[in-house]
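Chemist: Below: one structure in structure tokens.
Residue numbers (the numbering used here), protein chains in the order written: chain A, 115 to 795; chain B, 51 to 311.
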């Protein structure tokens, strides 16, 4: 008997919706792709025959991939399930990604599967029930039209045969066939996905969604309402005692002590809603994804607003009442709508105030703008989008495509009225200054949504800088610390001055940034609210050291779970490989250098809001508020050229070269690109 | 009337309560200390099976638990060396669509019952009280797989489980036998769920705790809990704002606290 593949369930489920058949393959050949994004991209490469199809084409393939850490107790790293496929949300469509936490990834593995590949299109609505080795296609006609909460509750009852909450139930009807007291983990779409809204998500539990992807519409296009997973299989762990020991170590060194109050400035503290909203007028429990040590979400009375998180939680704050904010958040989840169109309602109201939008106006709609700061307005707006009614038909395409249709895109992204810097995505952090975020996004496929560096530099210092207090970590120390922990060894890599953002050191930082993200965040499912773990505030208070858990602990956890030796340097090389495979897919899709540019406001409109980052100017390190900044077109283009060359991409197109691909073991991609006439020279 | 119902009625006539009702009632009626140090303090219904009390109990703050299942996963890791939520001896069930605190998260730990019906039900003596600690244990080698212990547990879900992979009954041993954990466990050692819970929502006591409808519960939330915007009162019904924490947990407050410190 061969040694178990530690950290893996061992099988991958291939679902053919067209034929209503499934196949199970061994995970073994894909273990070199580790898991999560790496594994998903290779599966997509292998199973999506035509990577140039539109997102809602039946030939598009969605891959949901767990990681070796899924279901374990690796802190803030045991829950995320990576989703990839051609996504409808970005402008233009790209092979895209998203991920969700909660209970899904762990239960997929306990059901026996490291990943699921979803192909084809069902003739009529179906939902798929996975119970250990048994996979069933079920008629979803009765579920079609239900919101995501109703859908999940119906499936829970169906799968558990109405077993009272919390009771054990047998999964196979035999004593040794496994039993569980858990609810099935269900991912499903709501009306937005059914109606192919590009702003739709796949939803799990109350607030775990494939945001910023539009994958809900891909499920909808495939007539796939839901997939449910329940299982009772064990996941082998190479060194369980070490895993427990490491978890305790990280938790004690870098976690919070709940009984000693909030750790100052620490993101992802219990009940993160309270870090972006004042939830004190209500009561709640902190709630966490599986195996987490942060528990950054909340569960509220009545279930309203459950699992609210971060930016999507601020989708509606207009009434000033926390209950209204919670209600709108739940509404987004129920419809299966992307909460990161967070700037859209405000943009609409601005158009209304400008006299451009409204009844009988250039953009004609009877949306009741006079009730803008009310839940009633939001209910009306979201209903229209989810069901593509009236103006909602435009908005279901996403505000970027809607603005294009209305003829406003160029003007409003030039003025910054619509702050959408790249690929139609909402501005997340200041693209004219925090360039690891904006460059990372434009060289990739979406808003990267990786908070590690941002948390270290911006979140750690913002309050102190704005109040004139001494920042917890001096600027020079911050740059040095980031250089040490990232392995880049050069503080200039973390210099956000007007020169620093175009430097060769920054080229290396972007290389590292994309690789770390692709490997540890997206292929091991480590939550970007905690990893890379640069600045430890708790640690600071206790030991004087501000150094967090990166890079020491990532590889230690990898070894404890999988038993495989992996150096941090090797992990960055693998992350780079996974990212370059994505670049190859984007090249096949027609990606070209000229597309990798920001919208005009990034170059032409100066920043006004204070945005503290570390700068090295006139021989001194300091925190700058980065006001009055724009990105320089020529300098960015020059940076881009140097970055392409550094990565092994053709300078004039940004496409990977054969040499680059073969060095990384991606010769198969070089062949495909060459055959398609898309290989970089 | 069914046979079962007739039996139950007979038991009620005889002792006022059936044995099962009594045992379940120990968990449900708020009866406090009934057995301690071997002293019998109540007149027991006929046939109630009493053993030396366990010298250790787990208590859970049901309002503080975050439903992260870290305890669940860790339990199977420490005991079995693998991950399987179905084979964990502490069970946390989350309904993310549920209402706090009524039905969103359930925590179900073994209560080390004073009257352990699981032990009584075992026909071969595999279920037993540890002679040194009183902890209710399974001698896996003796277990014949009849599952009477699983059925006898008066709680839902049964705190005794059928280990369908290793083919024997299992239950919480307060970490007395955790081959995959470096620490010394048991009633006089540490318990991994207590140690690893990031919310510090589980604690341990050597004294038989007072029970409520929710089991052995405790309020483990102090005033610092209010700082992060979460309620600290027993019923978790008083908002932090009502307690004077109007900016609970905001970045501004965090910075303010830090500057003070």
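Heads up, the beta-carbon is just placed ideally off N, CA and C, and yes, glycines get one too.
1. Between which two residues does the alpha helix (DSSP H) holding residue 529 of chain A run?
2. Go ahead and pull the three-state DSSP assignment for residue 157 of chain A.
3. For the segment 719 to 734 of chain A against the segment 600 to 620 of chain A, do three or more pairs of beta-carbon atoms, one drawn from each stretch, fall closer than 8 Å, so that the two count as touching?
4. Could you pull out every residue in the same chain whose Cβ sits closer than 7 Å to the Cβ of residue 543 of chain A, ignoring the five residues on either side in sequence?
5. Keeping to the same chain, check which residues put their C-beta closer than 8 Å to that of residue 236 of chain A; ignore five residues upstream and five downstream.
6. Just the Cα atoms here: how many angstroms apart are residue 852 of chain A and residue 317 of chain A?
7. Quick one, which of A/364, A/514, A/147 has its alpha-carbon nearest residue 190 of chain A's?
8. Identify every run of the beta strand (DSSP E) within the segment 229 to 288 of chain B, keeping only runs that are complete inside it and at least 3 residues long; order them along the chain.
9. If we ignore side chains and look at the alpha-carbon of each, how far apart do residue 208 of chain A and residue 533 of chain A end up?
10. Would you mind stating whether residue 214 of chain A and residue 175 of chain A have Cβ atoms separated by less than 8 Å?
11. Considering residue 761 of chain A, what are the terminal residues of the alpha helix (DSSP H) in which it resides?
12. Just to confirm, are residue 620 of chain A and residue 607 of chain A a CB contact at a threshold of 8 Å?
13. Could you pull the start and end residues of the beta strand (DSSP E) that residue 250 of chain A belongs to?
14. By Cβ distance, which residues of its chain are closer than 7 Å to residue 217 of chain B, with the 5 residues on each side in sequence left out?
15. Beta-carbon within less than 7 Å of residue 767 of chain A's beta-carbon, same chain only, minus the 5 sequence neighbours each way: which residues are those?
16. Could you tell me the alpha carbon to alpha carbon distance between residue 512 of chain A and residue 351 of chain A, rounded to whole angstroms?
17. Any beta carbon from chain A within less than 8 Å of residue 123 of chain B's own beta carbon?
18. Assuming residue 130 of chain B is part of the alpha helix (DSSP H), what are its boundary residues?
19. Does residue 249 of chain B get closer than 8 Å to chain A when you measure Cβ to Cβ?
20. Please tell me whether residue 547 of chain A and residue 735 of chain A are closer than 8 Å, where the distance is taken between their beta carbons.
21. Given a threshold of 16 other Cβ atoms within 10 Å of its Cβ, counted over all protein chains shown, does residue 319 of chain A qualify as buried or as exposed?
22. Using a Cβ-Cβ distance cut-off of 8 Å, determine whether residue 656 of chain A contacts chain B.
23. Residues of the segment 252 to 280 of chain A in Cβ contact with chain B at a cutoff of 9 Å, in chain order, please.
24. What does residue 362 of chain A reach in chain B if we use C-beta pairs closer than 8 Å?
25. Looking at the C-beta of residue 78 of chain B, does it have a partner C-beta in chain A at a distance below 8 Å?
26. Would you call residue 93 of chain B buried or exposed, if buried means 16 or more other Cβ atoms sit within 10 Å of its Cβ?
27. For residue 529 of chain A, count neighbouring C-beta atoms within 10 Å of its own C-beta (all shown protein chains included) and say buried if the count is 16 or more, exposed if not.
28. Could you tell me which uninterrupted beta strand (DSSP E) segments, each at least 3 residues in length, are contained entirely in the segment 320 to 404 of chain A, listed from first to last along the chain?
29. Below 8 Å on the Cβ atoms is my contact criterion, and I expect residue 806 of chain A with residue 646 of chain A to pass it. Report the Cβ-Cβ distance as a whole number of Å.
30. Skipping 5 residues on each side, what residues in its chain have a beta carbon closer than 6 Å to that of residue 291 of chain B?
31. Taking C-beta to C-beta, are residue 718 of chain A and residue 744 of chain A nearer than 8 Å?
32. What is the residue span of the alpha helix (DSSP H) that residue 676 of chain A lies within?
33. Only counting runs of 4 or more residues, tell me where the alpha helix (DSSP H) segments fall wholly within the segment 603 to 643 of chain A, in order along the chain.
34. Mind reading off the beta-carbon distance from residue 184 of chain A to residue 658 of chain A? Whole number of angstroms is fine, and I expect it under 8 Å.
35. Strictly under 8 Å for the Cβ-Cβ distance: is residue 393 of chain A near chain B by that measure?
36. Less than 7 Å between C-beta atoms, sequence neighbours within five positions excluded: which residues of the same chain meet that for residue 273 of chain B?
Modeler: By the coordinates alone:
1. In the first chain, residue 529 of chain A corresponds to position 415, counting from 1. Secondary structure note for residue 529 of chain A: its alpha helix (DSSP H) is the uninterrupted segment 523 to 529.
2. Numbered from 1 along the first chain, position 43 holds the residue referred to as residue 157 of chain A. Judged by DSSP in its simplified three-state form, residue 157 of chain A adopts helix.
3. Flag = yes, the segment 719 to 734 of chain A and the segment 600 to 620 of chain A touch.
4. As a first step, residue 543 of chain A must be located in the first chain, where it is residue number 429. Answer for residue 543 of chain A: 551, 568, listed in chain order.
5. Within the first chain, residue 236 of chain A is the residue found at index 122, counting from 1. So the qualifying residues of the chain are 131, 132, 134, 251, 336, 337, 338.
6. Given that chain A is displayed from residue 115 to residue 795, the structure contains no residue 852 of chain A and the question cannot be resolved.
7. Residue 190 of chain A sits at position 76 when you count from the first residue of the first chain. Across the set A/364, A/514, A/147, the C-alpha of A/364 shows the shortest separation from the C-alpha of residue 190 of chain A.
8. If one requires a minimum length of 3 residues, the beta strand (DSSP E) runs lying completely within the segment 229 to 288 of chain B are 252 to 255, in chain order.
9. Along the first chain, one-based indexing puts residue 208 of chain A at 94. Along the first chain, one-based indexing puts residue 533 of chain A at 419. Between residue 208 of chain A and residue 533 of chain A, the C-alpha separation is close to 20 Å.
10. In the first chain, the residue the question calls residue 214 of chain A occupies position 100. In the first chain, the residue the question calls residue 175 of chain A occupies position 61. No, the Cβ-Cβ distance between residue 214 of chain A and residue 175 of chain A is not below 8 Å.
11. Within the first chain, numbered from 1, the residue matching residue 761 of chain A stands at position 647. Counting along the chain, the alpha helix (DSSP H) containing residue 761 of chain A begins and ends at 747 to 761.
12. Numbered from its first residue, the first chain carries residue 620 of chain A at position 506. Numbered from its first residue, the first chain carries residue 607 of chain A at position 493. Yes, these two residues count as a Cβ contact at 8 Å.
13. Residue numbering aside, residue 250 of chain A sits at position 136 when the first chain is read from its first letter. For residue 250 of chain A, the enclosing beta strand (DSSP E) begins and ends at 248 to 253.
14. Position 167 of the second chain, counting from 1, holds the residue named residue 217 of chain B. Cβ within range, chain order: 195.
15. Counted from its first residue, the first chain places residue 767 of chain A at position 653. Hits under 7 Å: 706, 707, 794.
16. Here residue 512 of chain A corresponds to residue number 398 of the first chain, with the count starting at 1. Here residue 351 of chain A corresponds to residue number 237 of the first chain, with the count starting at 1. Roughly 43 Å between the two C-alpha positions.
17. As a first step, residue 123 of chain B must be located in the second chain, where it is residue number 73. At a cut-off of 8 Å between C-beta atoms, residue 123 of chain B counts as an interface residue with respect to chain A.
18. Residue 130 of chain B sits at position 80 when you count from the first residue of the second chain. Where residue 130 of chain B is concerned, the enclosing alpha helix (DSSP H) stretches over 120 to 130.
19. The residue you call residue 249 of chain B lines up with position 199 of the second chain. Residue 249 of chain B counts as touching chain A.
20. As a first step, residue 547 of chain A must be located in the first chain, where it is residue number 433. As a first step, residue 735 of chain A must be located in the first chain, where it is residue number 621. If you check the CB distance, residue 547 of chain A and residue 735 of chain A do not come in under 8 Å.
21. Mapped onto the first chain, residue 319 of chain A falls at position 205. Buried, because 16 or more other Cβ atoms sit within 10 Å of the Cβ of residue 319 of chain A.
22. Within the first chain, residue 656 of chain A is the residue found at index 542, counting from 1. By the rule that beta-carbons nearer than 8 Å mark a contact, residue 656 of chain A does not touch chain B.
23. Here the close residues are 263, 266, 267, 270, 278, 279, 280.
24. Taking the first chain and counting its residues from 1, one reaches residue 362 of chain A at position 248. What residue 362 of chain A touches in chain B: 245, 246.
25. Along the second chain, one-based indexing puts residue 78 of chain B at 28. Legend: pLDDT at residue 78 of chain B = 31, less than 50; position of this residue unreliable, no value from coordinates given.
26. Residue numbering aside, residue 93 of chain B sits at position 43 when the second chain is read from its first letter. Caution is warranted here: a pLDDT of 49 is assigned to residue 93 of chain B, below 50, making its placement in the model unreliable, and the coordinate value is therefore given only provisionally. Burial call: exposed.
27. Residue 529 of chain A sits at position 415 when you count from the first residue of the first chain. Counting the other CB atoms within 10 Å of its CB gives residue 529 of chain A a total below 16, which places it among the exposed residues.
28. Secondary structure within the segment 320 to 404 of chain A: the beta strand (DSSP E) runs of 3 or more consecutive residues, fully enclosed, are 338 to 344, 399 to 401 (chain order).
29. Absent from the model: residue 806 of chain A. The displayed extent of chain A is 115 to 795, so no value can be given.
30. Walking along the second chain from the start, residue 291 of chain B turns up at place 241. Nothing meets the Cβ criterion.
31. Sequence index remark: in the first chain, residue 718 of chain A carries index 604 (1-based). Sequence index remark: in the first chain, residue 744 of chain A carries index 630 (1-based). Yes. Within cutoff.
32. For the purposes of this step, residue 676 of chain A is identified with residue 562 of the first chain, where counting begins at 1. That run of the alpha helix (DSSP H) goes 666 to 676.
33. The DSSP assignment places complete alpha helix (DSSP H) segments of no fewer than 4 residues inside the segment 603 to 643 of chain A at 618 to 630, in order along the chain.
34. Along the first chain, one-based indexing puts residue 184 of chain A at 70. Along the first chain, one-based indexing puts residue 658 of chain A at 544. Beta-carbon to beta-carbon, residue 184 of chain A and residue 658 of chain A are separated by about 35 Å, too far to satisfy the 8 Å threshold.
35. Numbered from 1 along the first chain, position 279 holds the residue referred to as residue 393 of chain A. For residue 393 of chain A, the nearest beta carbon of chain B is closer than 8 Å to its own beta carbon.
36. For this step, residue 273 of chain B is matched to residue 223 along the second chain. 282.
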